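Sequential numbering of the sequence shown, starting at 1, is according to my numbering. We put the beta carbon where it would ideally sit given N, CA and C, even for glycine. Quantities reported herein were computed from a predicted structural model and do not represent experimental measurements.
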Amino acid sequence: MPDAPQPPRDWRAVLFDLDGTLADTVPLILRCYRHTMLQHRGRELPDELWVRTIGRPLRSAFGDFAVDADEVERMVATYVDFQRGVHDEMVCSFPEARSTMARLRVRGVRVGVVTSKGREMTLRTLGCCAIDAELDVLITADDVVKGKPDPEPVLKAMEGLGIERAEEVLFVGDSPHDLIAGRAAGVRTAAAVWGPFSRAELEASEPDYWLAGLPDVLSLRPIER
1 MPDAPQPPRD WRAVLFDLDG TLADTVPLIL RCYRHTMLQH RGRELPDELW VRTIGRPLRS
61 AFGDFAVDAD EVERMVATYV DFQRGVHDEM VCSFPEARST MARLRVRGVR VGVVTSKGRE
121 MTLRTLGCCA IDAELDVLIT ADDVVKGKPD PEPVLKAMEG LGIERAEEVL FVGDSPHDLI
181 AGRAAGVRTA AAVWGPFSRA ELEASEPDYW LAGLPDVLSL RPIER
């Protein structure tokens with residue numbers, strides 16, 4: 001009987017979510033949300049209502065609050081316009097984000113970002129965090145038809161890297177939407193516990209690994225599921 005195939009000894013690619021995973025942007029996200037609700041509802045709504053949408057594209061998230069598609073577009077415009085004005089003063093990377101990505105690339109591992117953010121603000125965030133030079137692939141909300149938790153963004157990143165075997169790819173994210181998308185794409189998933197979601201909220205998405213900090217990625221190797 002032939003030996004069972006063994007998992008690869010190292011990742012061919014590690015993909016990262018951006019907001020809340022590589023970039024410390026949750027305070028910015030909540031500030032923009034509060035401003036948008038104040039403009040369109042006349043009052044701020046509880047933060048927890050918006051937190052549960054983090055990881056989804058803006059149009060999808062505002063669909064939970066708007067009365068129709070036209071109001072979704074108005075809310076998105078308000079949010080993005082306000083974000084442009086306060087973004088740079090509120091954004092920074094999490095500790096060792098750049099060094100972790102660089103060390104993966106030195107090892108021969110391809111590195112990418114898969115985000116639900118639009119391309120304009122994604123590029124701005126990457127620049128503020130000084131991690132834009134460490135990427136082999138970038139997939140934003142503008143590059144897909146269906147955003148996370150649909151697997152399309154993860155699959156598109158794999159396609160961009162020329163990788164067909166999902167088990168050779170790790171996707172790191174801080175939200176259930178990241179983990180669901182990764183699992184649906186067949187890749188291995190790692191839950192970042194420094195984001196706005198509790199471990200209990202992430203457990204239902206069945207991550208393959210748990211990360212206490214970004215450098216923990218460096219010790220992970222592929223496993224059979």
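**Request:** Below 7 Å CB to CB, which residues in the same chain sit around I131 once its five sequence neighbours on both sides are set aside?
**Result:** In the sequence shown, the residue the question calls residue 131 occupies position 131. Excluding residues within five positions, the ones whose Cβ falls inside 7 Å are L22, S93, A97, R98, M101.
**Message:** Considering just the uninterrupted stretch of the alpha helix (DSSP H) at I139, what are its terminal residues?
**Reply:** Along the sequence shown, read from residue 1 onward, the residue named residue 139 stands at position 139. Looking at the DSSP string, I139 is not in any alpha helix (DSSP H); the run it does join, the beta strand (DSSP E), is 137 to 139.
**Message:** Which residue wins for smallest C-alpha separation from T140, given the options W11, L15, D10, R9?
**Reply:** To locate residue 140, count along the sequence shown from 1; it is residue 140. When only C-alpha atoms are compared, the closest one is L15.
**N-terminal and C-terminal residue of the beta strand (DSSP E) that R110 is part of** = Taking the first residue of the sequence shown as 1, we reach residue 110 at position 110. Looking at the DSSP string, the run of the beta strand (DSSP E) that includes R110 is 110 to 114.
**Prompt:** Which first and last residues belong to the beta strand (DSSP E) in which L170 is found?
**Reply:** The residue given as residue 170 occupies position 170 in the sequence shown. Its beta strand (DSSP E) spans residues 169 to 173.
**Request:** Identify every residue that forms a DSSP beta bridge with D24.
**Result:** Counting from 1 along the sequence shown, the entry for residue 24 is found at position 24. C92.
**Message:** Which same chain residues end up closer than 7 Å to I29 when comparing Cβ atoms and leaving out the 5 residues on each side of it in sequence?
**Reply:** For the purposes of this step, residue 29 is taken as the residue at position 29 of the sequence shown. If we look at I29 and ignore the five residues flanking it on each side, its Cβ neighbours are D19, I54.
**Prompt:** Is it right to say R183 is buried, meaning 16 or more other beta carbons lie within 10 angstroms of its own, or is it exposed?
**Reply:** Residue numbering aside, residue 183 sits at position 183 when the sequence shown is read from its first letter. Per the 10 Å Cβ criterion, buried.
**Asked** Grouping DSSP H, G and I as helix and E and B as strand, with all else coil, what is M1?
**Response** As a position in the sequence shown, residue 1 is number 1, starting the count at 1. Residue placement at M1 is poorly supported in this model, since its pLDDT is 47, which falls under 50; the coordinates still yield a value, given next. Three-state DSSP puts M1 in coil, outside helix and strand.
**Prompt:** Three or more beta-carbon pairs under 8 Å between the stretch 175 to 195 and the stretch 146 to 160, yes or no?
**Reply:** yes
**Where F62 falls: helix, strand or coil (DSSP)** = To locate residue 62, count along the sequence shown from 1; it is residue 62. If DSSP states are grouped into helix, strand and coil, F62 belongs with the helices.
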